[in-house]
Amino acid sequence: MQVQREPIVLVCCSDIAGQVRGKGFPAADLPDRWKSGVGWTPTNIMINAFGRSPATPWGPLGDLMLVPDPAGEVKLDYGNGGPDEHFILGDIRHMDGRPWECCPRSFLKSALGDLETETGLRLVASFEHEFHLAGAEVRVGDSYALSSLRGVEPFVETFIGALRAAKLGPETFLPEFGPGQFEVTVTPAPGLEAADRAVKLREICRSVARRFGHRASFSPIVTRGIVGNGVHIHFSLRDRDGSPVTYAADGPGGLSPPAASFAAGVLRHIRAVAALTAPSVLSYERLKPNSWSAYYGNLGFRDREACIRICPVPETPGAEVASAFNLEFRAADAAASPYLQLGMIVRAGLQGLRENLPAPVLIDGDPGRLDARERRRLGIQDLPRSLGEALDALEADEIARGWLPEELLTAYLMHKRGEIDHLAGRDMDEVCRLYAEAY
Ligand code: GLU
Ligand code: MG
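If you read the sequence shown in the working numbering, its first letter stands for residue -16, the second for the next number, and so on.
Okay, here's the thing in structure tokens:
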């Protein structure tokens, strides 16, 4: 009998390691799988970026289901006879359908749900990604250069086309500062969709790069000493009618009272938040002074080294400011699950709203020029200087740790401390190589 090739589809989650893992089945069975999904195991979430699960609260026990969400589907036909890219992001549920306490996507959904229920506010976001393309030609002087696109145009055109086909709203693509480094942005979307888009974008980028013989890496630092890859999470608040409520002309830096409280909540808990937004050992090699990432937990007006940057808006006469006005969270990278990143930002922002916190202090320029006592007086905290420090800060922050279901907190700390142990004693070049491969 002649063998017919049969396409498969994978139902996936983006997990604690920020890896997209799942299980597949013949695409023909999809109609039956929308409800039942595929089987999943609690310990899978303990697999770290290096394919190890040194410790697990569950061992071999337990069963879950990974249930696809139609909004999470990506189906791309590259039109060259090769296999389609077909996967569907979903939620990890108990066998009775309840969301599993450790499901990252459900963590974000519940944070967004509480934000809306308690405050009537909705979050709109867009994840801006930087990545390195191995296999691209590199020329000294290529920073932001037109020439750095030469040779990678087929990749770029297919990548943008794939983003469009997957309905991600491609917005910009640019050569970045580093050798072989590029940046891509997509249009803003409601919170959950924005995080889904971030997961899809990373996978689509890796898949298209591979089709052209390149390798895309989103690792926070690909080569020691060379500028890192950030994920800058842009966000703004809308009311239930969809009207923008982040901007107030007379507010500090243009922040409305709710936006000010939201930002203040994030910065008050920034050391715990960082444990989820900058969740790898290498994340803290990127978060260094003078590297256009972030080094302090500060708010900055159009400052590319602020942890939360108030972004520019058009200033031409008659320009619509309120809907363009947004904040950018810069202490993030692609070693994290976008669901955990955004979920944590929303939880911290909601806390700021609950406590009606005043706007964070807005100083001009680098907080590093102030002495530590002055920074403390102004409420500007140091970002954690290592992953270990960030995890300790999360564990010690009674309020922030309560945002994570207890099982998720335990699993997260165990997972990440195992990652630190795995890398102990390795030199930085090897650590960079391992992360570049993993992300
Ligand atoms: N590569 C920098 C980072 O790690 C960002 C540079 C920029 O502002 O685009 O965040
Ligand atoms: Mg950039």
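The C-beta atom is built at its ideal place from N, Cα and C for all residues, glycine as well.
When you compare the CB positions of residue i and residue j, do they come within less than 8 Å of one another, or not?
i: A10; j: P(-10); result: yes
i: A317; j: N212; result: yes
i: P87; j: D(-2); result: yes
i: P341; j: A247; result: yes
i: L118; j: G34; result: First, the amino acid is wrong: residue 118 is Gly here, not Leu. Contact: no.
i: H252; j: I143; result: no
i: V329; j: A181; result: no
i: L250; j: L345; result: no
i: P367; j: R358; result: no
i: A419; j: S202; result: yes
i: E186; j: A54; result: no
i: L434; j: V205; result: Residue 434 lies beyond the range of the chain shown here (-16 to 422); nothing can be said about it.
i: V169; j: L146; result: yes
i: C85; j: E390; result: yes
i: S190; j: H115; result: no
i: R(-12); j: V107; result: no
If you compare alpha carbons, which of the options is closest to residue i?
i: V304; options: H115, A314, F312 and I293; result: I293
i: W83; options: Y127, L98, N27 and I71; result: N27
i: L129; options: H77, R16, S266 and P158; result: P158
i: L370; options: A54, L116 and L406; result: L406
i: S320; options: E136, L333, L47 and D179; result: D179
i: Y279; options: V264, F312 and F308; result: F312
i: P40; options: M29, L310, E56 and L104; result: M29
i: V(-8); options: G1, D12, Q2 and V(-14); result: D12
i: C415; options: R269, D349 and A383; result: R269
i: G335; options: Y61, A242 and G385; result: A242
i: S306; options: H217, L250, V249 and R287; result: H217
i: P295; options: G301, N281, L282 and L310; result: L310
i: R223; options: P137, T141, R287 and T100; result: T100
i: K58; options: A148, G22 and V169; result: A148
i: L392; options: E166, D412 and A255; result: A255
i: G23; options: K6, W17 and A379; result: In the sequence on display, residue 23 carries Trp and not Gly. Closest by alpha carbon: K6.
i: A314; options: E389, G301 and A258; result: A258
i: G96; options: V191, G208 and L333; result: L333
i: A231; options: F308, D67, P14 and R122; result: F308
i: D380; options: A331, R287 and R221; result: A331
i: A397; options: W17, P262, G65 and P66; result: According to the sequence displayed, residue 397 carries Met and not Ala. Of W17, P262, G65 and P66, the residue nearest in Cα terms is P262.
Any idea which residues DSSP pairs residue i with across the strands?
i: E113; result: E166
i: W23; result: L47
i: E68; result: L59
i: Q364; result: G280
i: G440; result: No answer is possible for residue 440: the residues shown for the chain start at -16 and end at 422.
i: A427; result: This structure gives no information on residue 427, because the portion of the chain shown stretches from -16 to 422.
i: Y230; result: L238
i: S(-3); result: V3
i: H197; result: DSSP, once it has assigned bridges, lists no residue as partnering H197.
i: E311; result: H217 and R292
i: I143; result: Answer is none; I143 lacks a bridge partner.
i: V(-8); result: F8
i: L157; result: E166
Please classify residue i as buried or exposed, where buried requires at least 16 neighbouring CB atoms within 10 angstroms.
i: N31; result: buried
i: Q364; result: buried
i: S276; result: buried
i: M327; result: buried
i: M78; result: exposed
i: Y127; result: exposed
i: S226; result: exposed
i: V264; result: buried
i: I50; result: Per the sequence presented here, residue 50 reads as Val, with Ile not at that position. V50 comes out buried.
i: A373; result: buried
i: L387; result: buried
i: T141; result: buried
i: G62; result: exposed
i: F70; result: buried
i: K399; result: buried
i: S19; result: exposed
i: G80; result: exposed
i: A394; result: buried
i: A376; result: buried
i: F138; result: buried
i: D15; result: exposed
i: E298; result: exposed
i: E56; result: buried
My guess is that residue i and residue j are in contact by the Cβ rule of under 8 Å, so how many angstroms apart are they, rounded?
i: T229; j: S244; result: Between S244 and T229 the Cβ distance is about 12 Å, and since that is not below 8 Å, they are no contact.
i: F110; j: V214; result: 6 Å
i: L72; j: C(-4); result: 7 Å
i: I75; j: L47; result: 5 Å
i: Q324; j: T260; result: 5 Å
i: G134; j: E113; result: Not really, about 19 Å apart at Cβ, beyond 8 Å.
i: G208; j: F284; result: With a Cβ gap of about 30 Å, G208 and F284 do not count as contacting.
i: S274; j: V210; result: 6 Å
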